[in-house]
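This report concerns only the one structure given below.
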Amino acid sequence: IELGAATDIRVLISYEDGFHAYRDTIAAAIRIVRPNAEVVTVEPVDIRETVKRIRPDVLIGSPLTRDDVEGVPAWVELSLDPAKPSRVNLNGCYSETVNPTLDKLLDIMDEVVPLS
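Residues 159 to 274 (this note's numbering) are what the sequence shown spells out, left to right.
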């Protein structure tokens, strides 16, 4: 998707080396169920530069640092261990959830940009 195209939400997804399959699967699923979303995947080393360039509404990944998420309205640091909690920040409200499903990620996206 070209930057500047009509999108409802911008989502940036990044995972550490060895977990690209997770990144690509989440990106593909979001693209299917939210066709108006701009979904960008990036290597962890490029998160900060990409955040500044595309200004995502939601950042999903692991690991995420404070610098990575600066200025991002919502972010989800997905735990790579399904038994450990994932960290969620939605417009400054922090929470944790264990093994969030795609539906949970979509709910978070919908809270940032409500469906029309």
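Positions of the beta carbon are idealized from the N, C-alpha and C atoms, including for glycine. Computed from a predicted structure; not experimentally measured.
*Work out the CA separation of ALA195 and ASP166 for me, nearest whole Å.*
For the purposes of this step, residue 166 is taken as residue 8 along the sequence shown, with counting starting at 1. For the purposes of this step, residue 195 is taken as residue 37 along the sequence shown, with counting starting at 1. Their backbone Cα atoms lie some 5 Å apart in a straight line.
*For ALA179, does the count of other Cβ atoms within 10 angstroms reach 16, so buried, or fall short, so exposed?*
On the sequence shown, residue 179 is found 21 positions in, with the first residue counted as 1. Only exposed fits ALA179, as fewer than 16 other CB atoms lie within 10 angstroms of its CB.
*Quick check: the stretch 243 to 256 against the stretch 168 to 184, are there 3 or more CB pairs under 8 Å?*
No, the stretch 243 to 256 is not in contact with the stretch 168 to 184.
*With C-beta atoms as the reference, is ILE205 less than 7 Å away from ASP226?*
Counted from its first residue, the sequence shown places residue 205 at position 47. Counted from its first residue, the sequence shown places residue 226 at position 68. Their beta carbons are under 7 Å apart, which means ILE205 touches ASP226 by this criterion.
_Burial state of ILE188, where buried means 16 or more other Cβ atoms lie within 10 Å_ = For the purposes of this step, residue 188 is taken as residue 30 along the sequence shown, with counting starting at 1. So ILE188 ends up on the buried side.
*Please determine, among LEU236, GLU174 and THR208, the residue with the shortest C-alpha to C-alpha distance to GLU228.*
Residue 228 sits at position 70 when you count from the first residue of the sequence shown. That would be THR208, whose Cα lies nearest to the Cα of GLU228.
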